[in-house]
Amino acid sequence: MTEPLLQVAGLSKRFGGVVAADAIALDIPAGECHAIIGPNGAGKTTLIGLLAGEPAPERGSIRFDGRDITALPVHSRSQLGLARSFQITSLFTDFTALDNVALAVQAHAGHSFRFWRDARGEAALRLPAREALDRVGLAARADTRVDRLSHGEQRQLEIAMALATQPRLLLLDEPMAGLGSDESARIVAMLRQLKGSLTMVLVEHDMETVFALADRITVLVYGRVIASGEPAAVRADAAVREAYLGEQDARQDLHHG
Amino acid sequence: MKAALKLFRVSLPASWLAPRTALPVAVLIILGLVPIYTAVTGDAFMLTLFGRIVILSIAALSLNLIMGYGGMASFGHAAYLGIGGYAVGILWKEGIASGFVQWPVAIAVSALFALAVGALSLRTRGVYFIMITLAFAQMVYYVAQGLDRYGGDDGLTIGSRSRFAGIVDIGNATQLYYFCFALLLASLFLISRLVNSRFGLVIQGTRSNERRMRAIGFSTFRYKLVCFVIAGALCGLSGALLANHTNFISPSMMFWTRSGDLMVMVILGGLGTLFGPVLGAVTYLLLEEALSRVTEYPGLFLGPTLLLVAIFLHGGIQSLFGAPRRD
Numbered sequence: 074m075t076e077p078l079l080q081v082a083g084l085s086k087r088f089g090g091v092v093a094a095d096a097i098a099l100d101i102p103a104g105e106c107h108a109i110i111g112p113n114g115a116g117k118t119t120l121i122g123l124l125a126g127e128p129a130p131e132r133g134s135i136r137f138d139g140r141d142i143t144a145l146p147v148h149s150r151s152q153l154g155l156a157r158s159f160q161i162t163s164l165f166t167d168f169t170a171l172d173n174v175a176l177a178v179q180a181h182a183g184h185s186f187r188f189w190r191d192a193r194g195e196a197a198l199r200l201p202a203r204e205a206l207d208r209v210g211l212a213a214r215a216d217t218r219v220d221r222l223s224h225g226e227q228r229q230l231e232i233a234m235a236l237a238t239q240p241r242l243l244l245l246d247e248p249m250a251g252l253g254s255d256e257s258a259r260i261v262a263m264l265r266q267l268k269g270s271l272t273m274v275l276v277e278h279d280m281e282t283v284f285a286l287a288d289r290i291t292v293l294v295y296g297r298v299i300a301s302g303e304p305a306a307v308r309a310d311a312a313v314r315e316a317y318l319g320e321q322d323a324r325q326d327l328h329h330g
Numbered sequence: 451m452k453a454a455l456k457l458f459r460v461s462l463p464a465s466w467l468a469p470r471t472a473l474p475v476a477v478l479i480i481l482g483l484v485p486i487y488t489a490v491t492g493d494a495f496m497l498t499l500f501g502r503i504v505i506l507s508i509a510a511l512s513l514n515l516i517m518g519y520g521g522m523a524s525f526g527h528a529a530y531l532g533i534g535g536y537a538v539g540i541l542w543k544e545g546i547a548s549g550f551v552q553w554p555v556a557i558a559v560s561a562l563f564a565l566a567v568g569a570l571s572l573r574t575r576g577v578y579f580i581m582i583t584l585a586f587a588q589m590v591y592y593v594a595q596g597l598d599r600y601g602g603d604d605g606l607t608i609g610s611r612s613r614f615a616g617i618v619d620i621g622n623a624t625q626l627y628y629f630c631f632a633l634l635l636a637s638l639f640l641i642s643r644l645v646n647s648r649f650g651l652v653i654q655g656t657r658s659n660e661r662r663m664r665a666i667g668f669s670t671f672r673y674k675l676v677c678f679v680i681a682g683a684l685c686g687l688s689g690a691l692l693a694n695h696t697n698f699i700s701p702s703m704m705f706w707t708r709s710g711d712l713m714v715m716v717i718l719g720g721l722g723t724l725f726g727p728v729l730g731a732v733t734y735l736l737l738e739e740a741l742s743r744v745t746e747y748p749g750l751f752l753g754p755t756l757l758l759v760a761i762f763l764h765g766g767i768q769s770l771f772g773a774p775r776r777d
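Top line first, the protein sequences correspond to chains A and B. Residues in the first sequence are numbered from 74 upward in steps of one, following the numbering used here. Residues in the second sequence are numbered from 451 upward in steps of one, following the numbering used here.
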């Protein structure tokens, strides 16, 4: 059996007295779409952050592609193929959409101690950037400044930037946050396309989306993994119902999905 | 041949007549005509005044590189003016008058100092960054005060300008002026290339959102440090010019208020715009000069003027002539 692409063991992090991650263990094989769900404050974003390299964990280890990356800084992890999209949109707002994505391409096209040539004229940066924009359906908005894009378009750009780094593991922190149903549907369709070719860790609130996309689901409560497995098993898990949604809501939500 | 053509293509703006380009072009033409005005009228003071403006424009350009494009608000930039100036003065005093030695030393020492300051300060941000850069500059200021051999607090009069064996005689005021002017043009050209290069985009991306830059794979610290060193080196050159211009060095060249002046020039002209710092330097120094003629307290009027610019003109003077553009 091949080694999982991502192996997490005993990962712990506290903020003051709050336990945000409590001995989290996770194995994610290559190609899997793995959803992280849990109530507000369960530590989902913290987990994504720990995987991406910010903040640093207090205990535990993270292995990526057979290599211990626990002590690696954010930018080095990105170079290895870990990409993160942010829950709260985090873009270069005074650049155009294309400039944003081209920077992500540039980050993975050798060093940037090049002082002379016009980077906006480099086909090697612009073409892959346009492709990434095209993949998320933003090609027509390439030359629009980010602060003039709609919220939905900015969410799409978030994902385009992560994709442009040609990741092997994509960490998506609520990619649909704050979107209307049409825009959400577009992103779900896009993620479905990426499935299989890319390993994904997906934090998402919307159960419909989670059950539609995920190969496996991990449920976090107060920083602890209370269940992990295939959707059907998680759906049936009594502890999940009790701890996560409450018996009533759980029946409704999970069966709805 | 193709490369040469390419070089020219990019240096020509799309439209010479757009207000955004017309103003810089007009200002540069006026700066270029000052020695002719002096030759015709015999008004040598104008040449001195504008020489100072040209030289401090270069210093302001270098500060804009880190502060405007890079978002690193260094409050100790005058230190490099002083280091560049003292390199010229000290070498002259020790019998080395060749500009081919003095100027590279001025640039190299400034770059090394920037490397040290940057390595320590760039890990901090906001107020802490401002305080550390200020502290380093004040340190150099006090060191210069203690250099009794080189005039201590009183400063040192430099007996002869840097010698450039037969190539250019900057002992001649007109030649010195055009030499500085040529360096200003060269600096503008270099910066226009730099900020649009891969390196320049990394610097501007880091100003905009450093966290995201790291998340997409950039080790931002290295790029910021190199940018800091480039700015320090360019300002060191400006300091070497200033020492030659005034034939004098003193610790007051790098007093913290001088750093403040440079910051004001950059903000006044337009942060993160190519030509803004030159507009800022021209406006600030002319205003200072004009006010000092009509009142004993120019600061009393200069202060409120700057306040008005800060309140009503967010993009600086450059923004009056077309939309502010960061390129």
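Using N, Cα and C, we set each Cβ at its ideal position, and we do this for glycine too. For clarity, every value in this text was computed on a predicted model and none was experimentally measured.
Can you give the Cα-Cα distance for residue i and residue j, rounded to whole angstroms?
i                      : j                      : result
residue 669 of chain B : residue 592 of chain B : 35 Å
residue 165 of chain A : residue 650 of chain B : 14 Å
residue 645 of chain B : residue 654 of chain B : 8 Å
residue 247 of chain A : residue 121 of chain A : 11 Å
residue 212 of chain A : residue 269 of chain A : 24 Å
residue 133 of chain A : residue 240 of chain A : 24 Å
residue 82 of chain A  : residue 563 of chain B : 45 Å
residue 221 of chain A : residue 190 of chain A : 28 Å
residue 142 of chain A : residue 198 of chain A : 28 Å
residue 661 of chain B : residue 219 of chain A : 17 Å
residue 764 of chain B : residue 720 of chain B : 8 Å
residue 723 of chain B : residue 607 of chain B : 36 Å
residue 570 of chain B : residue 583 of chain B : 9 Å
residue 702 of chain B : residue 491 of chain B : 32 Å
residue 103 of chain A : residue 307 of chain A : 21 Å
residue 182 of chain A : residue 231 of chain A : 19 Å
residue 146 of chain A : residue 201 of chain A : 26 Å
residue 280 of chain A : residue 88 of chain A  : 28 Å
residue 233 of chain A : residue 728 of chain B : 38 Å
residue 600 of chain B : residue 715 of chain B : 30 Å
residue 630 of chain B : residue 192 of chain A : 30 Å
residue 124 of chain A : residue 78 of chain A  : 13 Å
residue 581 of chain B : residue 535 of chain B : 24 Å
Please go through the same chain and pick out, in chain order, the residues whose beta-carbon is closer than 7 Å to the beta-carbon of residue i, but skip the five residues on each side of it.
i                      : result
residue 735 of chain B : 502, 503 and 506
residue 637 of chain B : 508, 511 and 684
residue 85 of chain A  : 94, 95, 96, 130, 131, 132 and 133
residue 210 of chain A : 229 and 259
Does DSSP put residue i in a helix, a strand or coil?
i                      : result
residue 495 of chain B : helix
residue 76 of chain A  : coil
residue 270 of chain A : coil
residue 650 of chain B : helix
residue 209 of chain A : coil
residue 110 of chain A : strand
residue 138 of chain A : coil
residue 726 of chain B : helix
residue 547 of chain B : coil
residue 611 of chain B : coil
residue 100 of chain A : strand
residue 187 of chain A : coil
residue 156 of chain A : strand
residue 711 of chain B : helix
Residues in its own chain within less than 6 Å of residue i by CB, not counting five upstream and five downstream?
i                      : result
residue 453 of chain B : Bear in mind that a pLDDT of 47 at residue 453 of chain B, under 50, signals an unreliable position, so the number given afterwards is only what the model happens to contain. No residues qualify anywhere along the chain.
residue 249 of chain A : 257 and 260
residue 115 of chain A : 293 and 294
residue 285 of chain A : none
Starting from the beta carbon of residue i, find every residue of chain B whose beta carbon is closer than 8 Å, and list them in chain order.
i                      : result
residue 125 of chain A : 665
residue 238 of chain A : 666 and 667
In its own chain, which residues sit with a C-beta less than 8 Å from the C-beta of residue i, not counting the 5 before and 5 after it?
i                      : result
residue 186 of chain A : none
residue 760 of chain B : 717
residue 252 of chain A : 224, 225, 228 and 260
residue 572 of chain B : 522, 579, 671, 674, 675 and 678
Just to make sure I have the definition right: I need the residues of chain B whose C-beta is within less than 7 Å of the C-beta of residue i. Which are they?
i                      : result
residue 234 of chain A : 666
Please indicate yes or no: does the CB of residue i lie closer than 7 Å to some heavy atom of the ligand COA?
i                      : result
residue 189 of chain A : The ligand COA is not part of the structure shown, which contains no ligands of any sort.
Please compile the residues from chain B whose C-beta is within a distance smaller than 9 Å of the C-beta of residue i.
i                      : result
residue 163 of chain A : 659, 661, 662 and 665
key: Residues in the segment 658 to 688 of chain B having any Cβ partner in chain A nearer than 9 Å   = 658, 659, 661, 662, 663, 664, 665, 666, 667, 668, 669, 670, 672, 673, 676 and 680
request  = Give, in chain order, every residue of the segment 176 to 208 of chain A whose Cβ lies closer than 7 Å to some Cβ of chain B.
outcome  = 176, 177, 179, 180, 181, 185, 186, 187, 188, 189, 190, 191, 192 and 193
key: the segment 635 to 661 of chain B: positions lying closer than 8 Å to chain A by Cβ   = 643, 644, 646, 647, 648, 649, 650, 651, 652, 654, 655, 658, 659 and 661
task = Please name the residues in the segment 136 to 160 of chain A whose beta-carbon is closer than 7 Å to at least one beta-carbon of chain B, in chain order.
result = 147, 148, 151, 152 and 157
request  = Taking only beta carbons into account, state which residues of the segment 243 to 255 of chain A come closer than 8 Å to chain B, listed in chain order.
outcome  = From the segment 243 to 255 of chain A, no residue has a Cβ closer than 8 Å to chain B.
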